[in-house]
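Enquirer: The structure that follows is given in the form of structure tokens.
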Amino acid sequence: MMGLGPYIGREYAHDLVYDICREALKAKRPLIELLAEHPEINKHVTREQLASFCDPMNNLGQAGVMVDRVLNSIKA
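Final position of the sequence shown in the working numbering is 118; the numbers increase by one with none missing.
Okay, structure coming up:
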């Protein structure tokens, strides 16, 4: 959703990805396939970009920094 936001708007991207997630579960198909097939999505991003958006390693943000702070506070 965050990766698509700059292209189609954050709110619309949220609703669209949410609906496609539900469809993927119902159809028992990989989410990435349905995202890549959707015309509103594939006109803006490639399958490779979608794979990057869906990779959890690219969505950790400041998680490592926060974990380090918590662990350091426990040591003190």
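Here a beta-carbon is modelled for each residue, glycine too, at the ideal position from N, C-alpha and C.
(1) Just to confirm my understanding: we take residue 83, look at its own chain, exclude 5 residues before and 5 after, and list those with CB closer than 7 Å. What are they?
(2) When the distance is taken between beta carbons, is residue 93 closer than 9 Å to residue 62?
(3) To the nearest angstrom, how far is it from the Cα of residue 55 to the Cα of residue 49?
(4) Under the criterion of a Cβ to heavy atom distance below 8 Å, does residue 85 qualify as lining the ligand ATP?
(5) So, are the CB atoms of residue 60 and residue 44 less than 9 Å apart?
(6) One question on the structure: do residue 80 and residue 58 come within less than 9 Å of each other, judged by their Cβ atoms?
Expert: Looking at the atomic coordinates:
(1) 46 and 77
(2) no
(3) 9 Å
(4) By its list of ligands, the structure shown contains no ligand whatsoever, and the ligand ATP lies outside what it can speak to.
(5) no
(6) yes
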